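Peer 1: This is the structure I want to talk about, given as structure tokens.
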Amino acid sequence: MTELVKVCGLQVAVRTGAGVDVPIVHGADFSLHKGEVLALIGESGSGKTTIALSLMGYARSGCHIVGGSVHVDGTDLLTLSPSKLAKVRGRTVSYIAQSAAAAFNPAITIMNQVIESAMIHKTCSRREAEKKAIGLFRELALPDPEHIGERYPHQVSGGQLQRLMAAMALITDPILVILDEPTTALDVTTQIEVLRAFKKVVRERNTTAVYVSHDLAVVAQMADRIVVLKNGEIQENSLTKDLLIEPKHEYTKSLLSAMKPESRQDTVSQNIMDLETSTPLLEVRNLEVCFEKGKRVLQDIDLKIRRGSTVGVIGESGSGKTTLARSIVGLVEPSLGNIYLDGEALNASASGRTREQLRRVQYVFQNADTALNPLHTVEDILARPLSFYHGMKGQKRRDRVAELLSLVHLPDSIAKRRPTELSGGQKQRINLARALAAEPDIILCDEVTSALDTVVGAAILELMADLRKKLNVSYLFISHDISMVQAICDEVVVLYSGFKVEQGAGESFQRPPFHPYTQLLIDSVPEMKQGWLESTGANHETLPKIAPIKADVVLCPFLDRCSVRIDGQCNQVIPDRKKLEKGNQIFCHHSFSNKKSQALEVEEQPISQLQSV
Amino acid sequence: MNTHTSSVTAAEPTQKASFSSRFHVRSISGLIGLILVGFWLVISVIGPMLSPYPPNDFVSNTVFGPMSMKHFFGTDYLGRDMFSRVLAGTPYTIGVALAATVAACLAGVISGLVAAAATSWVDMTISRTQDALISIPSKMFALIMVASFGSSVPILILTAAIAYMPGSFRIARSLAVNVMTLDYVQVARLRGESMPYIIFKEVLPNMFRPVLTDFGLRFVFIVLLLSAMSFLGLGIQPPEADWGSLVRENIGGLSSGAPAVIMPAIAIATLTIGVNLLIDSIGSKSVQH
Chain A
528 MTELVKVCGL QVAVRTGAGV DVPIVHGADF SLHKGEVLAL IGESGSGKTT IALSLMGYAR
588 SGCHIVGGSV HVDGTDLLTL SPSKLAKVRG RTVSYIAQSA AAAFNPAITI MNQVIESAMI
648 HKTCSRREAE KKAIGLFREL ALPDPEHIGE RYPHQVSGGQ LQRLMAAMAL ITDPILVILD
708 EPTTALDVTT QIEVLRAFKK VVRERNTTAV YVSHDLAVVA QMADRIVVLK NGEIQENSLT
768 KDLLIEPKHE YTKSLLSAMK PESRQDTVSQ NIMDLETSTP LLEVRNLEVC FEKGKRVLQD
828 IDLKIRRGST VGVIGESGSG KTTLARSIVG LVEPSLGNIY LDGEALNASA SGRTREQLRR
888 VQYVFQNADT ALNPLHTVED ILARPLSFYH GMKGQKRRDR VAELLSLVHL PDSIAKRRPT
948 ELSGGQKQRI NLARALAAEP DIILCDEVTS ALDTVVGAAI LELMADLRKK LNVSYLFISH
1008 DISMVQAICD EVVVLYSGFK VEQGAGESFQ RPPFHPYTQL LIDSVPEMKQ GWLESTGANH
1068 ETLPKIAPIK ADVVLCPFLD RCSVRIDGQC NQVIPDRKKL EKGNQIFCHH SFSNKKSQAL
1128 EVEEQPISQL QSV
Chain B
2 MNTHTSSVTA AEPTQKASFS SRFHVRSISG LIGLILVGFW LVISVIGPML SPYPPNDFVS
62 NTVFGPMSMK HFFGTDYLGR DMFSRVLAGT PYTIGVALAA TVAACLAGVI SGLVAAAATS
122 WVDMTISRTQ DALISIPSKM FALIMVASFG SSVPILILTA AIAYMPGSFR IARSLAVNVM
182 TLDYVQVARL RGESMPYIIF KEVLPNMFRP VLTDFGLRFV FIVLLLSAMS FLGLGIQPPE
242 ADWGSLVREN IGGLSSGAPA VIMPAIAIAT LTIGVNLLID SIGSKSVQH
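Chains as they are written, first to last, in our numbering: chain A, 528 to 1140; chain B, 2 to 290.
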């Protein structure tokens, strides 16, 4: 079998302002057979997207392709004229971008955008194209395939939009499809649906594809072959099953190990935790937050954080986890409930709190790019809290800045630089160092690693665990990544659409039973083995049927997605908070006690089946 | 001219480096703009010292005389030396316009920052007042001001400043509102910083470049407004003359192609084009960041 796509000695460079070419891809060689899925994997800046784009003969502005060849189906794309390239793009090679929300035009119906490339390349008539699109919608398991095309992009969910973009890419039956981080912006539970749909379509149509990602576990599900990139050079090119079991290159090994967060719980903090009687450092009691029109984003939240302990909050986007942190620091005023620091109630708004209270609770923003003023130097940024809270001046302050920098493992020389001259990981360290400068009792970390590469993120977590031991600070850790949170937190809270659905010790999240939503989250985290996607228990398609719900009753928030819901109970009354045998508190009708739950299931199975028939 | 020779200013910690990296002019057109503006600024200061004749004296018997070694720009409709008159007009045109622009931008930016930082009803009051002002056509407003208070330099400055303040306010307010929502401002709020600190240390430096661009643009508008006023005979009063009044005085020479009418017009053109080129290059620099 001949190679369908062949890339030889591809070199891409960036031209700087001074007119000097800086190479960013140094001679990449790889090839694809028909029906093969190849993954390009690497950290940000490794050149994976640059290589993927050059497969369409394209280089981003500022970059240009210096040398090499890209043969797709026998033609070298790099020698084609712009007008001939335009015929290839969208027809022979198509592209699925990372953010579907940004790639769709909000003012045009979905159908018109999906069939646009077929219309431009005149592969078929409008009627045929629409018929084909509906077939693709069906294959991609989209709801209501006949009519979804009549809607506008804002009327469908993010995961659906991503699948619609796949339909857009496949409408012209391209020879090669490029998927550029298509699931990175999605929640894990949505990601799994999209991955399944992609995999099905790719297998059924025998599509040749290049899958760009930074997530090795996702790639393991999709790709036949993996190319590992670092700094624009290919480190390793092997079959997926070989790479996962026996990585040849050192860098691949480090990637693999960074994917598995180690448990960093230590006995010191456990001892402090055991002091149940003492007042918790920070307590949230019966918190409720309403935005306008009475929409509740958080309700009935209780939380205790002890000195030196780490509490994790997880949930998907829209679950209210950031709102929780923002109401603790006083950026969002709760409509009900109170926050106590060492037993003392805090003012609802940050402006009503004393300087000392503000100092003790520090908030680290998710995105270090916007959390650091681009015009201040690192020294300005770190020195301000020192003089503001501790009245430090002159040499003493400079020494303390140097101390803080070494605490977050950064060199002194960085003090004179501005944030724009730093890397993402360095910025996040400065962001953390600024919080430490206040010498707080508790630091709230809002997704501090989510914008970072796996290896860099792992280093930040390592650093935070280290600081906790040294300084005995507490953390409230907000994340969407359950595997990371359960590994580093003493206590974990699971939020779902504003409700606390489960709460328990960190290690208790390693063994079932769980709240059905927690179960779904755990099952949705990709594992680093082939075939996981097919075998995992996370599913959304077959839910037990229930009778229609009355509109004005408050019920379990997870009802419409729950795979173990019980007709006549879950759709009638709101569940209680129950304590499981392992100590976790859940918000569910099931109690999951070993014997009882089995009995319940035996009893309930026929009922739900009856309902579904 | 170290501002544009250092094209690659790395992370030098000195104040000078940060200044030049913030203001350096990269493109050729920006350089031309800088030279033109710099030239006129210098002339506005030392111009009167260079003038070969007293600007208001009748030095020649020919009216609308041609360019010669004796009279570089020819003579005007009364036989005065045109070169001296253009030099004498420079401080009027640039000085009055600069004073009015500074006043307009200061008032606009300050009220914009106050509106962005203050509670909603203060914001509403300031914004609606400025909206009312912006709805008055600037030339009409200037005519009314001159008709009621007479034409004098302070009145001209005040008129131009009031007419162009609302635009500056709108831009400053919208910039400040955007910066106010950024995370680093939230961080400062959570630290417990006072409003003046947030405005001057966190917000203002980050809207400096667009405000500077706006300043340049507003300067051009004011030069044109003042020239138009002078052209109508309502600006600087004879025998003193700014460039606009020089054009009007000598309009009779247009049919004979006298340099007396062309030269002040060229002066206005070079100044406004120069400012435009300069602010364009500053603006495009800010886009790159």
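C-beta atoms are modelled at their ideal positions from N, C-alpha and C, and glycine is treated no differently.
The structure presented is a predicted model; accordingly, all values stated were derived computationally and were not measured.
(1) Cutting at 7 Å between CB atoms, please list the residues of its own chain near V935/A, excluding the five before and the five after it.
(2) Which full runs of the alpha helix (DSSP H) of 4+ residues lie inside the region 670-713 of chain A, going along the chain?
(3) Starting from T735/A, trace the alpha helix (DSSP H) both ways and give me its first and last residue.
(4) Within 10 Å of its beta-carbon, does K727/A have 16 or more other beta-carbons around it, so buried, or fewer, so exposed?
(5) Would you say G193/B reaches chain A, if we count a Cβ-Cβ gap shorter than 7 Å as a contact?
(6) Using 8 Å for Cβ pairs, my map puts A978/A next to Y185/B. What's the rounded Cβ distance?
(7) Which word fits M146/B, buried or exposed, when buried means at least 16 other C-beta atoms lie within 10 angstroms of its C-beta?
(8) Can you say whether M83/B is buried or exposed, counting buried as having 16 or more other CB atoms within 10 angstroms of its CB?
(9) Leaving aside the five residues before and after D939/A along the sequence, list all residues of the same chain whose C-beta is less than 7 Å from its C-beta, in chain order.
(10) What is the DSSP secondary structure of Y585/A, counted as helix, strand or coil?
(11) Could you name the residues of chain B that P912/A contacts, counting a contact when the two beta carbons are closer than 8 Å?
(12) Quick check on DSSP: helix, strand or coil for V838/A?
(13) Report back the beta-carbon spacing between I623/A and I705/A to the nearest angstrom; my notes put them in contact at under 8 Å.
(14) T602/A by DSSP, collapsed to three states: which one?
(15) Out of curiosity, what's the CA-to-CA distance linking I163/B and R944/A?
(16) Thinking C-alpha only, which one of A1074/A, D1079/A, G952/A, H1117/A is nearest Y1044/A?
(17) Report yes if the C-beta distance between R1088/A and P1071/A is below 7 Å; otherwise report no.
(18) Does any CB atom of chain A fall closer than 7 Å to the CB of V110/B?
(19) Going by CA-CA distance only, name the one from L1086/A, V737/A, T543/A, L669/A that's closest to V683/A.
(20) Quick check on V597/A: does DSSP put it in helix, strand or coil?
(21) Taking C-beta pairs closer than 9 Å, name the residues in chain A that N300/B reaches, listed in chain order.
(22) Less than 7 Å between C-beta atoms, sequence neighbours within five positions excluded: which residues of the same chain meet that for A750/A?
(23) Start and end of the beta strand (DSSP E) containing N813/A?
(24) Taking C-beta pairs closer than 8 Å, name the residues in chain B that V856/A reaches, listed in chain order.
(25) Using only the alpha-carbon positions, how far apart do V620/A and Q1013/A sit?
(26) Nearest to H1042/A by alpha carbon, out of F892/A, E1029/A, D896/A, G921/A?
(27) Tell me whether S558/A sits in a helix, a strand or coil according to DSSP, three-state version.
(28) Closest to S45/B by C-alpha separation, out of L279/B, A268/B, S282/B, would be which residue?
(29) Which one or two residues does DSSP pair with T76/B in a beta bridge?
(30) Name the chain A residues that come within less than 7 Å of V115/B, Cβ to Cβ?
(31) Taking all protein chains shown into account, do 16 or more other C-beta atoms lie within 10 angstroms of the C-beta of H681/A, making it buried, or fewer, making it exposed?
(32) Candidates P807/A, N813/A, M692/A, G845/A: which alpha carbon is nearest G835/A's?
(33) Determine whether the Cβ of T897/A lies closer than 7 Å to any Cβ atom of chain B.
(34) Output, in chain order, the set of chain A residues within a Cβ distance shorter than 9 Å of L183/B.
(35) Measuring alpha carbon to alpha carbon, tell me which residue in D556/A, R887/A, V755/A is nearest A964/A.
(36) Between which residues of its own chain and Q687/A is the CB-CB distance below 7 Å, once the five residues before and five after are set aside?
Peer 2: On the basis of the data shown:
(1) Taking the first residue of the first sequence as position 1, residue 935/A is located at position 408. Counting only Cβ-Cβ distances below 7 Å, and skipping sequence neighbours, we find R956, L959, A960, L990.
(2) 685-697
(3) Counted from its first residue, the first sequence places residue 735/A at position 208. Run containing T735/A: none in the alpha helix (DSSP H); it sits in the beta strand (DSSP E), 735-740.
(4) Here the question's residue 727/A lines up with position 200 in the first sequence. Per the 10 Å Cβ criterion, exposed.
(5) One-based indexing of the second sequence puts residue 193/B at position 192. Chain A, which has a Cβ nearer than 7 Å to the Cβ of G193/B, makes this yes.
(6) Looking up residue 978/A in the first sequence gives position 451. Looking up residue 185/B in the second sequence gives position 184. Contact doesn't hold; Cβ gap of about 16 Å is too wide.
(7) To locate residue 146/B, count along the second sequence from 1; it is residue 145. Classification for M146/B: buried.
(8) In the second sequence, counting from the first residue as 1, residue 83/B sits at position 82. Buried.
(9) Walking along the first sequence from the start, residue 939/A turns up at place 412. These residues qualify, in order along the chain: A929, L932.
(10) Within the first sequence, numbered from 1, the residue matching residue 585/A stands at position 58. If DSSP states are grouped into helix, strand and coil, Y585/A belongs with coil.
(11) Numbered from 1 along the first sequence, position 385 holds the residue referred to as residue 912/A. Chain B residues near P912/A: R192.
(12) In the first sequence, counting from the first residue as 1, residue 838/A sits at position 311. Residue state, collapsed to three classes: strand.
(13) Within the first sequence, numbered from 1, the residue matching residue 623/A stands at position 96. Within the first sequence, numbered from 1, the residue matching residue 705/A stands at position 178. Sure, about 7 Å apart at Cβ, within 8 Å.
(14) Numbered from 1 along the first sequence, position 75 holds the residue referred to as residue 602/A. The answer is strand: DSSP assigns T602/A an E or B state.
(15) Taking the first residue of the second sequence as position 1, residue 163/B is located at position 162. Taking the first residue of the first sequence as position 1, residue 944/A is located at position 417. For I163/B and R944/A, the distance between alpha carbons rounds to 41 Å.
(16) Translated into positions along the first sequence, residue 1044/A becomes position 517. Checking every option, the nearest Cα to that of Y1044/A belongs to H1117/A.
(17) Sequence index remark: in the first sequence, residue 1088/A carries index 561 (1-based). Sequence index remark: in the first sequence, residue 1071/A carries index 544 (1-based). No.
(18) Reading the second sequence from its first residue, position 109 is the one you call residue 110/B. Taking Cβ atoms only, chain A never reaches closer than 7 Å to V110/B, which makes this a no.
(19) As a working mapping, residue 683/A is identified with position 156 in the first sequence. Nearest C-alpha to V683/A: L669/A.
(20) The residue given as residue 597/A occupies position 70 in the first sequence. In this structure, V597/A counts as strand in the three-state DSSP scheme.
(21) Residue 300/B lies beyond the residue range present for chain B, which begins at 2 and ends at 290; the question has no answer from this structure.
(22) Sequence index remark: in the first sequence, residue 750/A carries index 223 (1-based). Around A750/A: V564, L565, A566, Y738, T767.
(23) Residue numbering aside, residue 813/A sits at position 286 when the first sequence is read from its first letter. 809-818 is the span of the beta strand (DSSP E), which, as asked, contains N813/A.
(24) In the first sequence, the residue the question calls residue 856/A occupies position 329. By Cβ distance, chain B contributes L191.
(25) Taking the first residue of the first sequence as position 1, residue 620/A is located at position 93. Taking the first residue of the first sequence as position 1, residue 1013/A is located at position 486. Using only the alpha carbons, I get a separation of about 42 Å.
(26) On the first sequence, position 515 is the one that residue 1042/A refers to. The residue with the shortest Cα to Cα distance from H1042/A is E1029/A.
(27) The residue labelled residue 558/A in the question sits at position 31 within the first sequence. S558/A falls in the strand class under three-state DSSP.
(28) Residue mapping note: residue 45/B aligns to position 44 of the second sequence, counting from 1. Nearest option by C-alpha distance: A268/B.
(29) Here the question's residue 76/B lines up with position 75 in the second sequence. Per DSSP, D82/B.
(30) As a first step, residue 115/B must be located in the second sequence, where it is residue number 114. None at all; the shortest Cβ gap to chain A is about 18 Å.
(31) Your numbering for residue 681/A matches position 154 in the first sequence. Counting Cβ neighbours within 10 Å, H681/A comes out exposed, since fewer than 16 surround it.
(32) Working through the first sequence from its first residue, we reach residue 835/A at position 308. Checking every option, the nearest Cα to that of G835/A belongs to P807/A.
(33) Along the first sequence, one-based indexing puts residue 897/A at 370. Yes, T897/A lies at the interface with chain B (some Cβ there is under 7 Å from its Cβ).
(34) For the purposes of this step, residue 183/B is identified with residue 182 of the second sequence, where counting begins at 1. Correct list: T897, A898, N900.
(35) Taking the first residue of the first sequence as position 1, residue 964/A is located at position 437. Cα-wise, what sits closest to A964/A is R887/A.
(36) Indexing the first sequence from 1 puts residue 687/A at position 160. The residues are L669.
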